[in-house]
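If you read the sequence shown in UniProt numbering, its first letter stands for residue 1, the second for the next number, and so on. The beta carbon of each residue, even a glycine, is placed where N, CA and C say it ideally should be. It should be emphasised that the depicted structure is a prediction, and the values quoted were computed from it without experimental measurement. Written out below as structure tokens is the structure these notes cover.
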Amino acid sequence: MQMNKIVEFHKALGDLTRVRIIALLQQGPLHGQAIAGKLGLKPPTITHHMAKLREVGLIRERRDKNTIYFSLNEKILQGSAMAILSVGKGGANMEMSVTEEERASIINNFFTKDGKLKNIPAQRKKKLVILAHIVKELEFGKIYPEKEINEFLKKYHEDYATLRRELIMCQFMYRENNQYEMNPTDLWWLR
């Protein structure tokens with residue numbers, strides 16, 4: 001699931017023409033005819049390459065009458081490029097603006113001595129610390145059925161559905177067909 005997305009991203013960039021298109025789009029939005037002209041290619045070739053870049057979310061499209069302008073989705077480009085570096089690493093993305101002292105205080109305040117979550121924090125920063133703490137026990141690369149995730153989250157809080165939803169929304173986990181998998185830490189919304 002998520003590992004496949006990383007592979008597909010790198011496959012999409014495994015073509016010189018697509019890398020050249022990305023380089024052009026870094027300078028600003030362009031329509032297909034302009035890209036074809038700058039690269040000396042035919043429009044159908046550009047259409048093919050744009051479809052590959054669209055599949056992995058690297059481009060955005062904006063229609064102006066009969067012309068489609070393409071722009072680079074830099075957030076996806078950066079996040080996907082960095083995701084490979086966190087494959088197999090555990091722990092949270094430490095770029096979050098929370099010191100270890102604050103992190104320890106949040107965990108101490110929101111968890112009981114026996115590890116139960118007292119309540120789900122409303123403040124985003126605290127919620128992210130709590131979620132990162134919970135997912136430390138999950139195995140990276142393992143695919144979990146929804147029932148197993150529910151049982152795991154029940155250990156922490158009775159409202160496992162909310163916790164599960166937060167793990168998806170904050171990109172700690174990826175869900176497809178009731179199957180869950182940990183995202184690489186660079187995709188976690190801890191910034």
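Here Pro44 carries a helix assignment [DSSP, helix/strand/coil]. For Thr112, the three-state secondary structure derived from DSSP is coil. Leu53 is a Cβ neighbour of Arg18, given a cutoff of 7 Å. Here DSSP, grouped into helix, strand and coil, assigns Tyr156 to coil. Nearest in C-alpha terms to Asn183, of all of Pro43, Ile35, Lys65, Gly141, is Gly141. Taking a cut-off of 8 Å for Cβ pairs, the region 24–34 and the region 62–76 touch, as three or more such pairs fall below it. C-alpha of Ala83 to C-alpha of Ile6: approximately 7 Å in a straight line. A distance below 7 Å separates the beta carbons of Ile143 and Glu181. Note: Asp64 is bridge-paired with Thr67 in the DSSP secondary-structure output.
In the three-state DSSP reduction, Leu39 falls in the helix class (H, G or I). If you ignore the 5 residues before and after Arg62, its C-beta comes within less than 6 Å of the C-beta of Tyr69, all in its own chain and listed in chain order. With 16 or more other Cβ atoms from the protein chains shown falling within 10 Å of its own Cβ, Ile130 counts as buried.
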